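Below you'll find the structure, written out as structure tokens, and then a few comments.
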Ligand SMILES: *Cc1c(COP(=O)(O)O)cnc(C)c1O
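In the numbering used here, the protein residues as written are 102 to 386.
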């Protein structure tokens, strides 16, 4: 299950980076699979194996109404013969993401924000008996184990690695990989897309990981005209599309940090592109 991943490293010639003497590489995790994309693929890998080994036939998980994770679980569940159940935060809505989840056979339950915050584990037990529970976003030790494998693909000449940070599971997994591969000369940077998330800040030690709380553009899924212009400029100059919620904010941060000369000189910078493009379709004008 989820054995070999297609995720090439692509060098991008983009002025804000190259004019500072750096080289920019994008790890195209977004190309791994149209629906099980990027870090969602990485995070699901060991969960699915664990569920199969333990004999589970059903998976249940959680997410918001535009969750890339829900869609990944729905598709992976169908592919590997699990029945899937999704608990969705907030009032019942329909959108293209949830419709695709349903097409892959996922059964959806809408719960109030309050229940989602406080009772979702209990609800999961009630709604799908004998189901293997996967945390929101696939965030767990198993999720981190899958993400850690990314580091094996990052060349020794890379000195800075960037990812966007939602639940923080990806960042935590990358850090584990850096320790496992003894890559102490690789600096890990996490760009928070949720405003002032204290839990995330507490989770990471600033000697190990550089966390930034100033590139969220107002908060989770907030989009400004500047961010839209940025995505357009980057896409039209590189052929790579960035989603507004996560990767656009990461790439903007990289450009800004280069502008501030914060990364030293003549560095090889790697940006992890985890996809998420389907989730942003409804945000396009
Ligand atoms: C889920 C997701 C993230 C955030 O990953 P976390 O492990 O939750 O921090 C980043 N980028 C994309 C495209 C995602 O779908």
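Even glycine gets a Cβ: it sits at the ideal position worked out from N, Cα and C.
Note that this is a predicted model, so its numbers are computed, not measured.
Proximity below 7 angstroms, CB of residue i to CB of residue j
i, j, result
"residue 235", "residue 162", "yes"
"residue 342", "residue 379", "no"
"residue 190", "residue 214", "yes"
"residue 239", "residue 170", "yes"
"residue 401", "residue 108", "Nothing about residue 401 can be reported from this structure: the residues present for the chain run from 102 to 386 only."
"residue 354", "residue 316", "yes"
"residue 265", "residue 167", "no"
"residue 177", "residue 145", "yes"
"residue 126", "residue 110", "yes"
"residue 188", "residue 221", "yes"
"residue 197", "residue 370", "no"
"residue 157", "residue 233", "yes"
"residue 151", "residue 224", "no"
"residue 275", "residue 289", "yes"
Given residue i as reference, the closest of the options once Cα atoms are compared
i, options, result
"residue 271", "151, 227, 140, 230", "140"
"residue 147", "103, 363, 336, 229", "103"
"residue 384", "329, 288, 334, 336", "329"
"residue 300", "312, 290, 289, 308", "312"
"residue 210", "151, 366, 228, 350", "228"
"residue 350", "335, 199, 364, 174", "335"
"residue 273", "283, 247, 256, 259", "247"
"residue 358", "195, 318, 263", "263"
"residue 314", "302, 356, 118", "302"
"residue 208", "260, 172, 356", "172"
"residue 231", "153, 318, 269, 242", "153"
"residue 268", "195, 245, 289, 282", "245"
"residue 117", "193, 155, 364, 386", "364"
"residue 295", "287, 289, 212, 324", "324"
"residue 226", "186, 382, 195", "186"
"residue 181", "212, 149, 200", "149"
"residue 320", "287, 345, 206", "345"
Beta-bridge partners of residue i, as assigned by DSSP
i, result
"residue 369", "124"
"residue 264", "291"
"residue 180", "According to DSSP, which records beta bridges pairwise, residue 180 is partnered with nothing at all."
"residue 136", "In the DSSP output, where bridge partners are listed per residue, residue 136 has none listed."
"residue 106", "Looking at the DSSP assignment, residue 106 forms no beta bridge with any residue, so it has no partner."
"residue 188", "163, 210"
"residue 234", "161"
"residue 113", "125"
Rounded Cβ spacing between residue i and residue j (contact assumed at less than 8 angstroms)
i, j, result
"residue 249", "residue 277", "4 angstroms"
"residue 398", "residue 279", "No information on residue 398 is available, as it lies outside the stretch 102 to 386 that the chain covers here."
"residue 340", "residue 131", "Not a contact, Cβ separation roughly 12 angstroms."
"residue 338", "residue 115", "6 angstroms"
"residue 164", "residue 237", "6 angstroms"
"residue 285", "residue 122", "Actually they do not touch by this definition, with Cβ atoms about 24 angstroms apart."
"residue 179", "residue 202", "Actually they do not touch by this definition, with Cβ atoms about 10 angstroms apart."
| task | May I have a chain-ordered list of the alpha helix (DSSP H) segments no shorter than 4 residues that lie completely inside the segment 286-369? | result | 299-304, 326-339, 348-360
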